[in-house]
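Residue numbers (the numbering used here): 1306 to 1419. The structure under discussion appears below in the form of structure tokens.
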Amino acid sequence: MQQPTSLPRRRLLAGSASALAAAGLASFQNQAMAQAAAPAAKPLPGYASFKNADAVIVHGSTTIETKRSAFGSSVITPTNQLYVRNNLPTPPNPSWLTVMHGPCRLRASKSPSN
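Printed below as a string of structure tokens:
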């Protein structure tokens, strides 16, 4: 006949199982607290409203950056996820000018005011 398992060994096993369960529950609680404590994301400024808001971090009205997770593993980052960091205010619209020229008969110049 086999001897029953000793009481100290049973306590050790039960205590280990309890400690593992407590550690697992604590990690779920920490994740929930971190999500609850996260500050609300700032909205995208009007000039960047076409961007994917989940792919960028808005620091201020002129400072936005792409999250590393948005780059993915592809060689090409989609336009709606890419933002080149800008720390300067956007110039007023009348100062913008687009000029196109090349090997064609038409020469064009366009500004927002015309």
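By construction, the Cβ of each residue, glycine as well, lies at the ideal position given by its N, Cα and C atoms. The structure displayed is predicted, hence computed values, not measured ones.
Item                                                                                          : Value
Val1380 beta carbon less than 7 Å from that of Ile1369                                        : no
Same chain, Cβ closer than 7 Å to Lys1372, five either side skipped, listed in chain order    : Ala1360, Val1361 and Ile1362
Endpoints, beta strand (DSSP E) assigned at Thr1403                                           : Thr1403 to Met1405
Run of the beta strand (DSSP E) containing Val1361, from where it starts to where it stops    : Val1361 to Val1363
C-alpha gap between Leu1393 and Phe1376, whole angstroms                                      : 24 Å
Own chain residues within Cβ distance below 7 Å of Phe1355, not counting five before or after : Asn1385
beta-carbon Gln1386 near the ligand NAP non-hydrogen atom, thresh 6 Å                         : The ligand NAP is not part of the structure shown, which contains no ligands of any sort.
Euclidean distance between Cα positions of Ala1353 and Gly1329                                : 41 Å
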